[in-house]
Amino acid sequence: MTRRRKINFPVVGKGQIRWPQPGNFECPVCGKLMAEGEKMEQVVLNIGAMMQNDKEKNTWCVGFNLGGFMHIMDHTHGDVDLPSISVDVVEQSAFGQADLCFCSTKCLRAFFNAIVDEADRQIREEGGK
Ligand SMILES: [Zn+2]
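Residue numbers (this note's numbering): 3 to 131.
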């Protein structure tokens, strides 16, 4: 059985693009090595945006001045315009893109659970305003 690691949010911050950081091939959830020799086993949650550079040809390119984000917010207990909680998963990632890498769909699922667990924790502590 693999041990689940504590996840600190955001997992991808300003100017970053990959989690775990480039050169680190340990699954950020269970710690399993995802690359050995030339063999690579990864499930990647790819987050991003592209800029359309030619509408007629329908071509797209990387937006070098974009900052990507991924948040879970809850408006239930707060102001309509301001969320009462926010789990900032990705914040101002480079080129508006981010790759979150896992050893398996099991760890990807555990990651989504960790995000929702963090939202629940914030709602318990901050909610009910
Ligand atoms: Zn894993």
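Ideal placement from N, C-alpha and C gives every residue a C-beta, glycine not left out.
> Thinking just about the alpha-carbon of each residue, which of G69, V92, V46 is nearest to the one in V14?
Replying inline: For the purposes of this step, residue 14 is taken as residue 12 along the sequence shown, with counting starting at 1. If we check each option's Cα against that of V14, V92 comes out closest.
> Do you know offhand how far K16's Cα is from C32's?
Replying inline: Here residue 16 refers to the residue found at position 14 when the sequence shown is read from its first residue. Here residue 32 refers to the residue found at position 30 when the sequence shown is read from its first residue. Approximately 25 Å between the Cα atoms of the pair.
>> Let's see if you can read the secondary structure: which residues bound the beta strand (DSSP E) around F104?
In response: As a first step, residue 104 is located in the sequence shown; it is residue number 102 there, counting from the start. Counting along the chain, the beta strand (DSSP E) containing F104 begins and ends at 100-104.
>> I need the straight-line Cα distance from D101 to S95, nearest angstrom please.
In response: To locate residue 101, count along the sequence shown from 1; it is residue 99. To locate residue 95, count along the sequence shown from 1; it is residue 93. Rounded to the nearest angstrom, the two C-alpha atoms are 10 Å apart.
> Using a Cβ-Cβ cut-off of 7 Å (strictly less than) and excluding sequence neighbours within five positions of R6, which residues of its own chain qualify?
Replying inline: Locating residue 6 in the sequence shown gives position 4, counting from the first residue. Leaving aside the five residues that flank R6 on each side, the residues in its chain whose CB is nearer than 7 Å to its CB run, in chain order, V31, C32, A112.
> Which residue from E58, N48, D90 puts its Cα closest to that of I117?
Replying inline: Start at 1 with the first residue of the sequence shown, and residue 117 comes out as number 115. Comparing C-alpha distances from I117 to each of E58, N48, D90 shows the shortest one belongs to D90.
> Leaving out five residues before and five after V64 in sequence, what residues of the same chain have Cβ atoms less than 6 Å from its Cβ?
Replying inline: What you label residue 64 is simply residue 62 of the sequence shown in a count that begins at 1. Correct list, in chain order: F97.
> Got a sec, what are the start and stop residues for the beta strand (DSSP E) D76 sits in?
Replying inline: Counting from 1 along the sequence shown, the entry for residue 76 is found at position 74. D76 -> beta strand (DSSP E) spans 69-76.
> What separation, rounded to the nearest whole angstrom, lies between the Cα atoms of F27 and C105?
Replying inline: As a first step, residue 27 is located in the sequence shown; it is residue number 25 there, counting from the start. As a first step, residue 105 is located in the sequence shown; it is residue number 103 there, counting from the start. If I take the Cα positions, the gap works out to 9 Å.
> Terminal residues of the continuous beta strand (DSSP E) containing N115?
Replying inline: Mapped onto the sequence shown, residue 115 falls at position 113. Counting along the chain, no beta strand (DSSP E) covers N115; the unbroken alpha helix (DSSP H) around it starts and ends at 107-128.
>> Using the Cβ count rule (16 or more neighbours within 10 Å means buried), how would you classify P12?
In response: If you number the sequence shown from 1, residue 12 lands on position 10. Burial call: buried.
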